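Residue numbers (my numbering): 5 to 302.
Beta carbons are placed, not taken as given, at the ideal position from N, Cα and C, and that holds for glycine.
Remember, it's a predicted structure, so these values are computed and weren't measured experimentally.
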């Protein structure tokens, strides 16, 4: 048995992995055409798609945004280390692949709390020799545990800026979990020159359809909270938004302009701290460049 299959078999035997309960990472995997999911995940995905038939397209649009954002951060913004919260099951290209194609020494800490995700991540997400990939099994609600973990301190250099990626993960936090406070904790922790990238599902475009999705996920015990543009904007606090600001996910620096930017029900944006540049992300400040790891954009 090869290493990948052996790791997957170990995960299936894990007492923490309940294959009778749907999980968002595996539903997402199924809708993207992956194979690391179970019948219960496929059944819930089918119900959700009855409410929003275009959902697979929306998920691909969100993933494309994550990759565009990663390339922007590693390229134009010169970021060399990333904290990816809510990793999901590996789907190539992954965040570290996109970043390391631009700078081979990029370092990534992947965080998720699903045992199947972490098993596959350790088996499949391999870094370049110059970079690093590390994995942390943790719940986003345990933000202090994440930020003080040995995995983080071994991967992230707090003397350098960090790219914080929250791609479609904050929707899994109920309002009672106070995602705004959790993200505020991330902002307080981040070194100057760091970037925060958030994509978040919304009901702003089609309230009735998204309400059906909320009802479906609630029936199977999954927390799914779409939020308004104003609610998502609050998550960035006083950090300065990178152009074009908080916009539909298809409208954030697209490779090609979308004919219908509202076709994917996500808000997306990137913000930066500790910079006074008139157009954040276009030019790293001199004091950040002098710290040695942020490259001057071309």
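Beta-carbon proximity of residue i to residue j, cut-off 8 Å
i	j	result
residue 22	residue 93	no
residue 95	residue 36	yes
residue 196	residue 165	yes
residue 270	residue 206	yes
residue 191	residue 200	yes
residue 106	residue 67	no
residue 84	residue 110	yes
residue 240	residue 273	yes
residue 140	residue 156	yes
residue 31	residue 56	no
residue 4	residue 69	Nothing about residue 4 can be reported from this structure: the residues present for the chain run from 5 to 302 only.
residue 238	residue 193	no
residue 136	residue 159	yes
residue 268	residue 245	no
Rounded separation between residue i and residue j - CA only
i	j	result
residue 178	residue 82	34 Å
residue 24	residue 252	35 Å
residue 214	residue 63	14 Å
residue 258	residue 247	12 Å
residue 86	residue 211	34 Å
residue 43	residue 28	13 Å
residue 143	residue 172	15 Å
residue 170	residue 88	7 Å
Identified DSSP bridge partners for residue i
i	result
residue 203	171 and 272
residue 252	271
Residue i CB to nearest heavy atom of the ligand HEM below 7 Å
i	result
residue 49	The ligand content of the structure shown is nil, which means the ligand HEM is not present either.
Reduced DSSP category for residue i - H, G, I as helix; E, B as strand; rest coil
i	result
residue 25	coil
residue 183	helix
residue 257	coil
residue 265	helix
residue 280	Bear in mind that a pLDDT of 45 at residue 280, under 50, signals an unreliable position, so the number given afterwards is only what the model happens to contain. Here residue 280 sits in coil by DSSP.
residue 39	coil
ask   = Hey, which unbroken runs of the alpha helix (DSSP H) at 4 residues or more fall wholly within the region 135 to 167?
value = 147 to 151 and 154 to 159
task = Within the region 55 to 125, note down every full beta strand (DSSP E) run reaching 3 residues or more, in order along the chain.
result = 85 to 89 and 111 to 116
ask   = Along the chain, which unbroken stretches of the alpha helix (DSSP H) at least 4 residues long are found entirely within the region 212 to 248?
value = 233 to 238
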